[in-house]
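Protein chains in written order, with the numbering used here: chain S, 1 to 317; chain Z, 318 to 634. For each residue, glycine too, the CB sits at the ideal point set by N, CA and C.
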């Protein structure tokens with residue numbers, strides 16, 4: 001099969017063997033895969049990953065230990081945990097120290113015709129939900145993680161920094177719960193897209209310092225983190241939603257003086273993401289800027305890395 | 318009166334007027350004042366403060382709107398809040414944006430013969446408590462702040478990084494609640510002092526990575542912050558107890574990947590500090606390395622800045 005691989009000599013589309021499902025694993029034929037900023041970071045060397053890239057997908061089970069699963073449309077959680085360690089025992093399998101991570105660490109990803117995943121990682125896609133929307137389940141689940149970690153309500157003043165894919169999805173997810181964040185960014189096209197969904201938007205410079213109960217950092221830049229610390233009120237919280245690659249420098253004095261809390265936030269629960277998508281409370285297809293065939297995957301990655309581009313999908317069939 | 322002042326041309330012992338208490342304020346004659354690392358930072362230019370240094374003290378009320386207060390031995394909270402803003406209304410007066418801070422921002426401090434403070438900032442010192450111990454009330458209150466912000470129990474794995482004054486006090490305060498932290502430092506004399514109080518100690522390099530539920534950063538150095546992030550388990554918390562001056566650089570990726578929470582922690586409640594001191598569950602006098610008369614305050618500050626020195630007190634009378 002063809003697969004987009006991170007190799008010693010960079011990104012290459014290669015012909016490799018179709019993976020063999022291990023015990024308890026399904027073989028999934030990929031329909032669509034989404035390109036995430038993390039993929040671009042990995043392509044630049046983050047995590048030292050070697051193998052097939054990609055961790056956002058929707059596909060169909062073509063082989064499984066339970067024959068009834070065959071033909072089922074699925075999305076999949078990306079952390080493959082051991083199920084035996086102390087963190088797994090506490091329900092924190094997403095943080096299992098022995099885990100591999102689809103397309104990120106020790107496990108071939110979904111920029112390929114097929115992947116294998118443990119059955120426990122798979123979630124059935126509701127019938128009414130189209131492939132393109134379902135392909136956003138993983139990043140939307142990561143947005144719901146914020147609501148698992150913190151209690152945000154409609155009475156809180158909340159800013160989401162960054163009008164890229166992540167910031168837009170975070171704001172849309174919060175809105176599904178009646179929360180009314182202001183999305184701050186510098187790209188009129190993206191802000192207009194948010195406003196068309198009923199979201200409030202602003203330029204980051206317009207936001208009042210020390211006035212927000214919660215600031216969600218989704219710019220992925222160190223200056224965004226510094227700005228988040230400036231915007232949050234004393235005793236407020238900053239959610240670090242972007243994955244940073246490389247050192248972060250910031251003035252830490254306000255964190256102590258204003259007793260700010262900073263919360264790192266990563267992968268999240270799939271069920272509320274699928275539920276929100278099925279009910280059409282979330283319509284992430286608005287973020288799709290372009291689609292490429294797998295044969296053009298290298299070009300797709302370049303396109304996704306261009307400034308201002310939102311979601312780029314790979315269509316596998 | 319004599320007072321140690323931060324001036325345009327540096328630290329100077331000066332003769333200045335005895336301050337006039339405003340409405341609702343008392344005039345307090347200082348008995349002892351403690352030199353804190355924050356004072357040393359301010360002397361190096363932190364906060365751009367100009368005026369009398371010092372914020373840890375014990376003294377006696379010599380004039381007050383309520384005559385019954387005269388002759389009362391007191392310690393004092395350092396934040397002078399406005400009492401009218403939204404944060405004050407929420408009980409967060411220590412974060413009042415209009416506040417001045419004793420010896421730190423906009424308010425002359427206690428390295429002087431007299432200070433003024435609002436009556437609401439003063440706490441009566443119990444009779445059985447000696448002046449030298451009482452002089453530690455403010456930094457001990459700051460340690461109790463951790464217990465106001467987070468739920469720490471004896472079942473948690475907790476590391477306190479830094480065997481300076483702050484780390485030692487933090488570990489001692491946690492121990493008063495049956496919590497069993499390990500105090501990590503590099504100074505055998507200080508660690509021995511902690512062990513003599515029944516505390517567990519370790520060299521920072523001996524601590525197991527990603528194994529602590531809570532890590533309390535009390536080294537004041539950026540490398541301590543980086544180490545704290547390395548030591549905390551996924552979904553664990555780092556408490557930033559040191560005040561940092563200048564930029565902090567760290568690898569932020571683990572904060573997101575391991576969903577670590579970082580909690581800034583500053584001033585705390587005086588009542589549990591006074592209670593612990595009165596009951597002799599806390600004996601901070603162990604940390605006093607030297608005492609100086611106010612006339613020798615400049616030398617006292619130099620002594621406090623020497624490597625390895627713990628608490629230096631100024632005796633005013």
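Contact check, residue i vs residue j under 8 Å by CB: the rounded distance?
i                      : j                      : result
residue 104 of chain S : residue 160 of chain S : Actually they are not in contact, since the Cβ atoms of residue 104 of chain S and residue 160 of chain S sit about 24 Å apart, beyond 8 Å.
residue 93 of chain S  : residue 81 of chain S  : 4 Å
residue 297 of chain S : residue 13 of chain S  : 6 Å
residue 387 of chain Z : residue 360 of chain Z : Their Cβ separation, rounded to whole angstroms, is 33 Å, which puts residue 387 of chain Z and residue 360 of chain Z out of contact at 8 Å.
residue 201 of chain S : residue 566 of chain Z : No, residue 201 of chain S and residue 566 of chain Z are not in contact; Cβ-Cβ is about 32 Å, not under 8 Å.
residue 498 of chain Z : residue 475 of chain Z : 4 Å
residue 3 of chain S   : residue 52 of chain S  : 4 Å
How long is the line joining the alpha carbons of residue i and residue j, rounded to whole angstroms?
i                      : j                      : result
residue 345 of chain Z : residue 376 of chain Z : 6 Å
residue 173 of chain S : residue 268 of chain S : 12 Å
residue 307 of chain S : residue 167 of chain S : 15 Å
residue 337 of chain Z : residue 433 of chain Z : 7 Å
residue 693 of chain Z : residue 247 of chain S : Examination of residue 693 of chain Z is not possible in this model, given that chain Z is present from 318 through 634 alone.
residue 638 of chain Z : residue 552 of chain Z : Given a span of 318 to 634 for chain Z in the structure shown, any question on residue 638 of chain Z remains unanswerable.
residue 206 of chain S : residue 186 of chain S : 11 Å
residue 549 of chain Z : residue 79 of chain S  : 20 Å
residue 125 of chain S : residue 72 of chain S  : 8 Å
residue 56 of chain S  : residue 36 of chain S  : 8 Å
residue 391 of chain Z : residue 593 of chain Z : 16 Å
residue 325 of chain Z : residue 100 of chain S : 58 Å
residue 88 of chain S  : residue 545 of chain Z : 23 Å
residue 218 of chain S : residue 242 of chain S : 5 Å
residue 191 of chain S : residue 313 of chain S : 21 Å
residue 266 of chain S : residue 572 of chain Z : 9 Å
residue 335 of chain Z : residue 221 of chain S : 51 Å
residue 257 of chain S : residue 453 of chain Z : 20 Å
residue 208 of chain S : residue 414 of chain Z : 14 Å
residue 171 of chain S : residue 199 of chain S : 7 Å
residue 383 of chain Z : residue 339 of chain Z : 13 Å
residue 240 of chain S : residue 143 of chain S : 11 Å
residue 176 of chain S : residue 54 of chain S  : 27 Å
residue 287 of chain S : residue 197 of chain S : 12 Å
residue 292 of chain S : residue 154 of chain S : 39 Å
residue 178 of chain S : residue 169 of chain S : 15 Å
residue 24 of chain S  : residue 473 of chain Z : 35 Å
residue 245 of chain S : residue 83 of chain S  : 29 Å
Taking the alpha carbon of residue i as the point to measure from, which residue in the options has its own alpha carbon closest?
i                      : options                    : result
residue 469 of chain Z : Z:502, Z:523, Z:531        : Z:531
residue 482 of chain Z : Z:471, Z:500, Z:467        : Z:500
residue 76 of chain S  : S:62, S:311, S:110, S:46   : S:110
residue 333 of chain Z : Z:425, Z:458, Z:341, Z:510 : Z:425
residue 378 of chain Z : Z:439, Z:412, Z:595, Z:612 : Z:439
residue 46 of chain S  : Z:537, Z:510, Z:570        : Z:570
residue 367 of chain Z : Z:342, Z:423, Z:402        : Z:423
residue 627 of chain Z : Z:595, Z:602, Z:611        : Z:602
residue 278 of chain S : S:48, S:84, S:120, S:128   : S:128
residue 381 of chain Z : Z:436, Z:412, Z:327        : Z:436
residue 598 of chain Z : Z:457, Z:543, Z:471        : Z:457
residue 633 of chain Z : Z:541, Z:431, Z:557, Z:506 : Z:431
residue 204 of chain S : S:181, S:245, S:162, S:195 : S:162
residue 149 of chain S : S:25, S:244, S:237         : S:237
residue 365 of chain Z : Z:472, Z:341, Z:319, Z:327 : Z:327
residue 542 of chain Z : S:244, S:189, S:251        : S:251
residue 606 of chain Z : Z:510, Z:612, Z:562, Z:540 : Z:510
residue 385 of chain Z : Z:561, Z:343, Z:612, Z:318 : Z:343
Which of the three DSSP states, helix, strand or coil, is assigned to residue i?
i                      : result
residue 173 of chain S : helix
residue 114 of chain S : strand
residue 510 of chain Z : helix
residue 221 of chain S : coil
residue 137 of chain S : helix
residue 18 of chain S  : coil
residue 161 of chain S : strand
residue 95 of chain S  : helix
residue 269 of chain S : coil
residue 12 of chain S  : strand
residue 564 of chain Z : strand
residue 466 of chain Z : helix
residue 144 of chain S : helix
residue 386 of chain Z : helix
Between the region 252-271 of chain S and chain C, which residues of the former have CB atoms less than 7 Å from a CB of the latter, in chain order?
Structure shown: chain C not included; protein chains present are S and Z.
Do the region 261-274 of chain S and the region 560-580 of chain Z make contact, defined as three or more Cβ pairs closer than 8 Å?
yes
Contact between the region 29-45 of chain S and the region 132-144 of chain S: three or more CB pairs below 8 Å?
yes
Across the region 294-301 of chain S and the region 587-607 of chain Z, are there enough close Cβ pairs to call them in contact, namely three or more that are closer than 8 Å?
no
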